[in-house]
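Notes follow once the structure below has been shown.
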Amino acid sequence: MIRKIKYVVSRLFWLLMLGFILLAWYGYQLGDSYQHAARTESNRTSDHVLRSGSGQAKGANELSAANASLTKELLERGAYLVKLGNCQGCHTQRGGVAFAGGRLMQTEFGQFVTPNITPDKATGIGDWSAEDFWNALHNGKAKGGRLLYPSFPFQNYTHITRDDADAMFAYLQTLPSVSQRNPEHRLSFPYDQRFALAWWRALYFKPGVLTVQSQQSAEWNRGAYLVRGLTHCSACHSSRNSLGANNGTNDFSGGEMFGSRWYAAALLAKEELDLGSRDTQEIVKLLHDGVNQQSSVQGPMAEVVRESLQYLHKEDAVAMVKYLQSLPRQIRAAPDMLDQVLARPSFDASQMEVMMMRGEKIYRQHCMDCHGQQGEGQSGVYPALQGNRSLQMDNFGNPLRVILAGGFASATRSNPRPYSMPPFAPFLDDQELALVLTYIRNAWGNQASVVFASEVNPYRTANLD
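Under the UniProt record's numbering, the first residue of the sequence shown carries the number 1, and numbering increases by one thereafter.
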């Protein structure tokens with residue numbers, strides 16, 4: 001009997017091992033066998049555009065007149081697409097050379113370091129082909145087949161077409177070659193075991209260019225392509241599980257960004273940004289300018305606007321917004337009574353009145369000159385606080401971070417000298433910050449939970465990047 005049990009256990013063990021091996025094999029090869037794109041004339045032309053020995057694009061005088069015209073168009077399109085993908089924003093360290101990499105990305109898994117994507121042959125992508133670049137975007141594999149970590153949003157970039165990928169690569173190969181060897185990632189075990197990415201891919205990666213939805217308009221399809229693919233909105237605006245995976249490129253459920261405590265709000269949730277109920281042109285203006293009549297972008301989103309979204313063609317910005325507005329509104333289930341009681345203490349009217357009076361005093365002393373007596377703000381300069389959705393979300397991290405550290409709205413072509421807000425961390429203690437934030441979250445018709453002093457302190461030490 002014991003011998004039979006041992007035999008069965010042994011067979012189950014080896015079957016399990018075989019299953020793991022097959023799953024890893026599937027995850028590694030995912031996309032290779034059925035996602036190669038046919039080469040078009042544009043694809044082939046990009047090969048002629050690529051670097052000479054120095055990594056620079058060949059001059060137009062070396063090409064035929066027809067190819068020269070096509071080359072110019074290809075490079076202009078590539079430059080635009082690289083802007084929209086915010087490649088420079090991630091692949092440039094603070095104060096460093098553009099696209100030379102070295103930017104540190106702190107995550108719960110450890111520290112990632114972005115690579116050099118200039119055409120340097122030794123330390124960049126100068127020895128890559130257009131096929132290698134396509135494989136990185138589409139299949140999440142570097143030259144030679146090395147699996148890339150999903151901190152590089154290949155889950156989104158897999159939607160990029162081959163023509164667009166080749167245009168991006170052609171443009172990147174015209175950049176100045178920078179010799180800069182960046183340090184390796186510093187990840188904790190077991191996340192530093194790159195082979196384990198094969199299992200992650202098998203579970204969470206779905207390669208493939210988006211299929212055009214014939215029942216939808218060209219504008220809708222363009223918006224879907226940009227939102228889900230190139231501009232990779234879901235890379236930030238989604239919640240992730242313990243392995244860093246979300247629910248796909250149409251997941252806009254919102255999530256906190258590790259280390260910095262910035263919160264990328266849910267785009268479609270009624271309780272948060274609820275883009276479907278907002279004016280299309282006001283959202284377009286926010287993406288282009290970083291400010292509109294009522295709002296401004298701060299934190300990582302301000303960087304995205306500065307480095308990327310301000311360059312959107314007007315029709316592309318409208319397409320993105322209209323696509324998002326066409327998606328079903330997300331309505332979150334309210335917590336049951338027990339959860340509400342356990343989550344936060346309740347206050348009676350007299351206690352709330354005292355807190356509001358104390359918070360109002362701080363507001364009048366430090367905030368009213370810019371944001372107005374009734375929180376009305378100054379249109380296009382200082383954002384209104386009255387009716388401001390970002391102040392009334394359950395997650396109050398963003399306004400608290402702004403109050404603590406201050407900052408600027410995005411510097412854009414249409415708003416080159418944005419207003420600034422001074423930091424109040426040196427002047428207000430945790431209790432005062434909690435009171436003034438509670439006040440602005442509940443004054444002038446706003447309605448949100450109370451903020452406690454104990455919740456403020458962790459934000460003082462959050463990463464500012």
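A virtual CB, placed ideally from N, CA and C, is assigned to each residue, including glycine.
Nothing here was measured: the structure is a model prediction, and the numbers come from that model.
Inter-residue distance for Q330 and D251 is about 11 Å (C-alpha atoms, whole angstroms). For V402, there is no enclosing beta strand (DSSP E); the residue is found in the alpha helix (DSSP H) stretching over G397 to A405.
Using a 10 angstroms sphere on the CB of D289, the tally of other CB atoms reaches 16 or more, which defines it as buried. Annotated three-state conformation of F133 is helix, per DSSP.
Of the other Cβ atoms in all chains shown, fewer than 16 fall within 10 Å of the Cβ of Q374; this residue is therefore exposed. Under DSSP, M421 shares a beta bridge with G407.
When secondary structure is reduced to three states using DSSP, A198 falls in the helix class. Here the alpha carbons of G387 and V321 stand approximately 21 Å from one another.
Put simply, the backbone Cα of G248 is about 8 Å away from that of S234. Using a Cβ distance threshold of 9 Å, V178 and G124 count as a contacting pair. Contact fails between the stretch 296-316 and the stretch 422-440, because fewer than three Cβ pairs, one in each stretch, are under 8 Å apart. Taking C-beta atoms as the reference points, L84 and L312 count as a pair closer than 9 Å.
Around the Cβ of D429, a 10 Å sphere holds fewer than 16 other Cβ atoms; the residue is exposed. N241 sits exposed, since fewer than 16 C-beta atoms from the chains shown fall within 10 Å of its C-beta. Judged by pairs of C-beta atoms under 8 Å, the stretch 103-121 touches the stretch 84-95, as three or more such pairs exist. For V113, the enclosing beta strand (DSSP E) starts and ends at G110 to V113. Put simply, the backbone Cα of G397 is about 43 Å away from that of S129.
Rounded to whole angstroms, the Cβ separation of L210 and H237 is 18 Å, and the two are not in contact under 8 Å. Contact check for L400 against A448 fails: the beta carbons are separated by 9 Å or more. A straight-line Cα-Cα distance of about 20 Å links N446 and D369. In its chain, beyond the 5 residues on either side, A434 have a beta carbon closer than 7 Å to the beta carbon of F452. Looking at the DSSP output, S296 shares a beta bridge with V291.
For M357, the enclosing alpha helix (DSSP H) stretches over residues A349 to H366. Taking the CA atoms as reference points, E376 sits about 21 Å from V450. Listed as beta-bridge partners of L187 by DSSP are G110.
As a beta-bridge residue in DSSP terms, L147 pairs with K141.
Note that the stretch 133-146 does not touch the stretch 210-220; fewer than 3 beta-carbon pairs, one per stretch, sit closer than 8 Å.
Annotation for L437: the continuous alpha helix (DSSP H) segment containing it runs D430 to N442. A contact between stretches requires three or more CB pairs, one per stretch, nearer than 8 Å, and the stretch 180-188 meets this requirement with the stretch 92-107. Non-local beta-carbon contacts of M393 in its own chain, meaning distances under 6 Å to residues more than five positions away in sequence, involve E272 in chain order. In the DSSP assignment, L172 falls within the unbroken alpha helix (DSSP H) covering R162 to L172.
Looking at the backbone, the Cα of D192 and that of R186 are separated by about 8 Å. Secondary structure at M105: strand, using DSSP grouped into helix, strand and coil. Of the residues V402, L286 and N442, the one whose Cα lies closest to the Cα of S414 is L286. A residue is called buried once 16 or more other Cβ atoms fall within 10 Å of its Cβ, and I5, having fewer, is exposed.
Annotation for D348: no residue places its beta carbon closer than 6 Å to its own, counting only its chain and skipping 5 residues before and after.
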